[in-house]
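Novice:
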Amino acid sequence: MQIRKPYLSGPFFVTFFLIVGLFLPGCSVSKYMSAEGTPPLLRRNVLNIRSPQPLPIDVKASLQSELSSFYRQKLNERSLLAFGTPVRLWWYFRYKDKDSRFARWVLKRIAEPPTFFDEDLSRRTAENFRNYLRQRGYLEARTYYETRYKEHVRRKKSASPQRWREASVSYFVDLGRQYTVASVSFSSPDTQIHRILQETAGGSLLKREAPLDKNLFEAEKNRIAYILKNRGYALFQPSSIEFVGDSSGTKTHITATVDVPTDSASNRIYRIGNVAVFVEFVPELVGMGRDTTLEGIYFTTSSSQFAVRPERLLSVIAFRPDSLYRQEDFDRTVRDLNTLGVFQFVTVRPQPDSIALGRIHITISMSLNERLSIGTGVDLNSSNSNDNFSGNNLLGASAYLSVDHRNLLLGAENLRSDLSYGIELNLPSLTSIFSQEFRFQNELLFPRYFDYFNLWSRLNRWHLVPDRFHERLRRDGRVRMALNYSLLDLRNLYTNNLLSAAWGYSFRLGNEHHLVFDHVGIDILSSQARGGFASIVANNELLRRSLEPQLFTGFLLRSLTYTYLGRPNVFGERWFFRWHTDLSGIEAHLLNQLWALRFGQQEWSIGGLQFSKYLRLELSGSYTRAFTKDLAGVLHLRSGLALPFGGARTVPYVKQFFVGGPSSLRAWRIRELGPGGYIPPDTLRPPFFQAGDVRLEFNGELRFPIFWWMKGAVFVDGGNIWTLLPDAQRPNSALRWDFFQNIAIGTGFGVRLDFNYFVFRFDWGIKVRNPYRNPENGNYWIDWRRYRWRDISNFNIAIGYPF
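Start counting the sequence shown at 15; every next residue gets the next number (the working numbering).
1) Do you know offhand how far R800's Cα is from S174's?
2) Taking Y805 as the reference, which of Y163, A681, R558 and V289 has the closest Cα?
3) If we count Cβ pairs, one from each stretch, closer than 8 Å, do we get three or more for the stretch 651-667 versus the stretch 104-113?
4) Inspect the beta-carbon positions of A248 and P335 and report whether they are closer than 8 Å.
5) Contact between the stretch 702-712 and the stretch 732-741: three or more CB pairs below 8 Å?
6) Which of helix, strand or coil does DSSP assign to P175?
7) Just to confirm, is the Cβ distance from L846 to Q670 under 8 Å?
8) Who are the near neighbours of S520 in its chain, counting only those whose CB is closer than 6 Å to its CB and skipping five residues on each side?
9) Are three or more beta carbon pairs between the stretch 119-136 and the stretch 210-219 nearer than 8 Å?
10) Whole angstroms are fine: how far does the CA of V551 sit from the CA of R505?
11) At 3 residues or longer, what runs of the beta strand (DSSP E) sit wholly inside the stretch 610-673?
12) What is the DSSP secondary structure of S337, reduced to helix, strand or coil?
13) With H, G and I counted as helix, E and B as strand and the rest as coil, what does DSSP make of H484?
14) To the nearest angstrom, report how far apart I143 and A646 are at their CA atoms.
15) Count the other CB atoms, across all protein chains shown, that sit within 10 Å of the CB of Q319; report buried if there are 16 or more and exposed otherwise.
16) From the DSSP output, which residues share a beta bridge with N713?
17) So what does E180 bridge to, in DSSP terms?
18) Can the beta-carbon of S634 be found closer than 8 Å to that of L608?
19) By the three-class DSSP mapping on this structure, what secondary structure does N808 have?
20) Among residues of its own chain, excluding the 5 on either side of G814, which ones have a beta-carbon nearer than 6 Å to its beta-carbon?
21) Would you be able to state if there are at least three C-beta pairs under 8 Å between the stretch 160-170 and the stretch 195-209?
22) Please go through the stretch 309-379 and give each complete beta strand (DSSP E) segment of 3 or more residues, from N-terminal end onward.
23) Taking the straight line between their C-alpha atoms, what separation do you get for D481 and R489?
24) Return no unless some Cβ of chain C is closer than 8 Å to the Cβ of R58.
25) According to the neighbour-count rule (16 or more other Cβ atoms, all chains shown, within 10 Å of its Cβ), is G690 buried or exposed?
26) L649 to L738, Cα distance in whole Å?
27) With 16 other CB atoms within 10 Å as the buried threshold, where does H477 fall?
28) Taking all protein chains shown into account, do 16 or more other C-beta atoms lie within 10 angstroms of the C-beta of N553, making it buried, or fewer, making it exposed?
29) Mind checking which residues open and close the beta strand (DSSP E) that includes R787?
30) Helix, strand or coil for R683, going by three-state DSSP, please let me know.
31) Suppose the cutoff is 6 Å on Cβ atoms and the five residues either side in sequence are ignored; what does the same chain contact list for G425 look like?
32) In angstroms, rounded to a whole number, what distance separates the CA positions of F464 and L571?
33) Using three-state DSSP, classify P39 as helix, strand or coil.
34) Less than 8 Å between the CB atoms is what I'm expecting for R148 and P66, so what's the real figure, rounded?
35) Count the other CB atoms, across all protein chains shown, that sit within 10 Å of the CB of Q564; report buried if there are 16 or more and exposed otherwise.
36) Is A290 helix, strand or coil by DSSP?
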């Protein structure tokens, strides 16, 4: 075989010279630092934590993260690609004495002033460490610091050497022993409060062996205060709670005392008095407005009619006149009124009655959002959707029109309609159209729950649905209806027409959990193959069946999506998890089987549309760790399984899985890879169409700062797809016990332009391992020396981060 010389693509050179052009200036910072009398530049802050006993990794990492926020001097930002040079510092010195418009823009947006070492600030940093650790229970903590200086010399032939100094500060923390809780007791001179404290003592956050942590004590104060406010003590304040400790060694016996003067308003149990709701109320127009009273709650507006029906507002107001004041009701009312999306501002204000002691009046004031809003825009995008494919590098542009109606039926119903048109052009020529797409999407959200046929109530009575889940669904569920149409035209490939309708629920389980499920869903899909792709379809039975006109149906459960998005913890860690289930044809199949018992087997169809029968499961998750503000690592895993049932031999093509492209294995183009160990013939050229029933994919990415809004990344991607049944046209495509041999691996690097409101991404993927053996040498691993770079690499353009 002829050995080809490595080939570097045009995008590589563009990226390389862009980076070099930005960072070469950083090398000349030294001339500004060598001026007479210039203090040393702060180069490093190092934190060393010592403990008399080994610290668990998670505890040590937590302390490192928490203490790092107490540095009084912030280091100058340094770029990895500029060999640690503070590039933004060069821009500061270069333009700090200039007064042009460009100089002012640079100083505001790009430049960063130098951080010179300051002895006093280092001393105060060490004191901050010590004070914080004592609040965490390390009462014997000691802190100190040491400073090391390094002198740099840069010699020039035509000038005297440039000399400047840098300082590195090492902070040392000796933790000593950590004091912990031995026991906790609760007391109050008020017998009623004392009884409540004893009843709820089991929920205390001050557990045995818990550290004497100030944050823990503050949280315990808030817990007690919330409990008392839920029992009617509306004006109780956490400041009335005191903790007293009696230490023996490092063990401390804690007594929590709630001492409130008997005649104090905060020691009084309140009941709800008058409740008044003002909807867009203007006092000068009060004579022109309307008012009404429902269940003792007074509603008024300055308009001739209520913008939102009082009956709808009543359903989200949790308290009623003469009921016991509960903080839980107060918080839920504020949350639910804001969740309606109709109001711009919501204010709920409690006010004690100065005459009728023990009564607290509630005033709710609301100002309306614009009822109708229209938005337009143009987006750049990449071709990476579940219903199209490409083998070329594509650049797409789309224009959209969106209309939001926030109060369609005067019950806070939200109707959103989106109309969009997109076009994709082949790169690098930009002269030929690859695809066009038209979409018209409509979603109507009802901010309330209703149950057709009492389905959920019956399931709850039959103990098939837990009481707690059923109650949350009734209280927080939002009914959603969707009606969408899309037309996808891929030149010389195929055309898709998709009409879909759905009815279901959407609601949150707390702040981090979100559940969306559609009871009823009906999709009508028609596809027509074109050009050379039509001959491929004609010769492949499985592919032909998967592209037949399809009817997707569901009347009990069409789809279910559960999403978990965790909040970052003290280690900078964040978890994401998503589970999606797509089920079609189960009801039609069961009815068809019952029909067959009486009238014989007969496959039903409607107007030539076959009932599509499949179960599709998707699972994806990611772990993100932010090491610093701009340096982060991400691990991502994605898998999927699509199963036909009821006599169906294949899953519809648009529901099969694929890999490759800007948000998958970036060294391969979309639908180029797989399935399994199938070796594509040399005659196969883009666009690609490979899809399968099983997907396994994993990604790892390290993201780092380069310069201002420019970020970089290095990544490793792996995975593949497989079919469940053997495919005569694609040998070795089926899932086997040794499927791990068919894992493809790619690597590469990327540049991202992060403008906060959107991210423009360039990723250059390089193939490392094929999912099949090379027919010539039997190796899976790619020998880069035998190929041109353009044959084993792929350049991606996309909007947003890949995961």
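Ideal placement from N, C-alpha and C gives every residue a C-beta, glycine not left out.
Specialist: Let's see:
1) For this step, residue 800 is matched to residue 786 along the sequence shown. For this step, residue 174 is matched to residue 160 along the sequence shown. Between the alpha carbons of R800 and S174 lies a distance of about 51 Å.
2) By one-based count along the sequence shown, residue 805 stands at place 791. First, the amino acid is wrong: residue 805 is Asp here, not Tyr. Here the closest residue by C-alpha is A681.
3) No: fewer than three Cβ pairs fall under 8 Å.
4) Your numbering for residue 248 matches position 234 in the sequence shown. Your numbering for residue 335 matches position 321 in the sequence shown. No, Cβ-Cβ distance for A248 and P335 is not below 8 Å.
5) With the cut-off at 8 Å, the stretch 702-712 and the stretch 732-741 touch.
6) Residue mapping note: residue 175 aligns to position 161 of the sequence shown, counting from 1. Here P175 sits in strand by DSSP.
7) Lying before the first or after the last residue shown, residue 846 is absent from the chain, which here runs from 15 to 817.
8) The residue given as residue 520 occupies position 506 in the sequence shown. Once the five neighbours on either side are set aside, the close Cβ partners of S520 are R492, R494 and V530.
9) The stretch 119-136 makes no contact with the stretch 210-219, as fewer than three CB pairs between them are under 8 Å.
10) On the sequence shown, residue 505 is found 491 positions in, with the first residue counted as 1. On the sequence shown, residue 551 is found 537 positions in, with the first residue counted as 1. Here the alpha carbons of V551 and R505 stand approximately 16 Å from one another.
11) DSSP runs (the beta strand (DSSP E)) wholly in the stretch 610-673: 623-625, 628-640 and 646-658.
12) Position 323 of the sequence shown holds residue 337. Coil at S337, not helix or strand.
13) Locating residue 484 in the sequence shown gives position 470, where the first residue counts as 1. If DSSP states are grouped into helix, strand and coil, H484 belongs with the helices.
14) The residue given as residue 143 occupies position 129 in the sequence shown. The residue given as residue 646 occupies position 632 in the sequence shown. Before going on, a small fix: residue 143 reads as Phe here, not Ile. F143 and A646: Cα-Cα distance of roughly 25 Å.
15) Mapped onto the sequence shown, residue 319 falls at position 305. So Q319 counts as exposed.
16) Against the sequence shown, residue 713 aligns to sequence position 699. According to the DSSP secondary-structure assignment, N713 is paired through a beta bridge with H650 and D731.
17) The residue you call residue 180 lines up with position 166 of the sequence shown. DSSP links E180 through a beta bridge to L55 and K164.
18) If you number the sequence shown from 1, residue 634 lands on position 620. If you number the sequence shown from 1, residue 608 lands on position 594. Not closer than 8 Å, so no.
19) In the sequence shown, the residue the question calls residue 808 occupies position 794. Three-state result, N808: strand.
20) Residue numbering aside, residue 814 sits at position 800 when the sequence shown is read from its first letter. Once the five neighbours on either side are set aside, the close Cβ partners of G814 are V773.
21) With fewer than three CB-CB distances shorter than 8 Å, the stretch 195-209 does not count as touching the stretch 160-170.
22) Qualifying beta strand (DSSP E) stretches, in chain order: 311-315 and 357-366.
23) Locating residue 481 in the sequence shown gives position 467, where the first residue counts as 1. Locating residue 489 in the sequence shown gives position 475, where the first residue counts as 1. Cα-Cα distance, rounded: 12 Å.
24) Reference to chain C is not applicable here, since this structure consists of a single protein chain.
25) Along the sequence shown, one-based indexing puts residue 690 at 676. Its Cβ being crowded by 16 or more others within 10 Å, G690 is buried.
26) Position 635 of the sequence shown holds residue 649. Position 724 of the sequence shown holds residue 738. Going from the Cα of L649 to the Cα of L738 covers about 27 Å.
27) Against the sequence shown, residue 477 aligns to sequence position 463. Classified as exposed, H477 has fewer than 16 neighbouring CB atoms from the shown chains inside 10 Å of its CB.
28) The count along the sequence shown starts at 1 and reaches residue 553 at position 539. So N553 counts as exposed.
29) Translated into positions along the sequence shown, residue 787 becomes position 773. Premise fails: R787 is in no beta strand (DSSP E) and is neither H nor E.
30) Numbered from its first residue, the sequence shown carries residue 683 at position 669. The three-state secondary structure of R683, taken from DSSP, is coil.
31) On the sequence shown, residue 425 is found 411 positions in, with the first residue counted as 1. Within the same chain, Cβ atoms closer than 6 Å to the Cβ of G425 are found at R323 and R326, the five residues on either side in sequence being excluded.
32) On the sequence shown, position 450 is the one that residue 464 refers to. On the sequence shown, position 557 is the one that residue 571 refers to. Here the alpha carbon of F464 sits roughly 16 Å from the alpha carbon of L571.
33) Position 25 of the sequence shown, counted from the first residue, corresponds to residue 39. Note that P39 scores 48 on pLDDT, short of 50, meaning its location in the model is unreliable and no value can be drawn from it.
34) Indexing the sequence shown from 1 puts residue 148 at position 134. Indexing the sequence shown from 1 puts residue 66 at position 52. Here R148 is actually not in contact with P66; their C-beta atoms are around 16 Å apart, not less than 8 Å.
35) On the sequence shown, residue 564 is found 550 positions in, with the first residue counted as 1. Under the 10 Å beta carbon count, Q564 is surrounded by 16 or more other beta carbons and is classified as buried.
36) Along the sequence shown, read from residue 1 onward, the residue named residue 290 stands at position 276. For A290, the three-state secondary structure derived from DSSP is strand.
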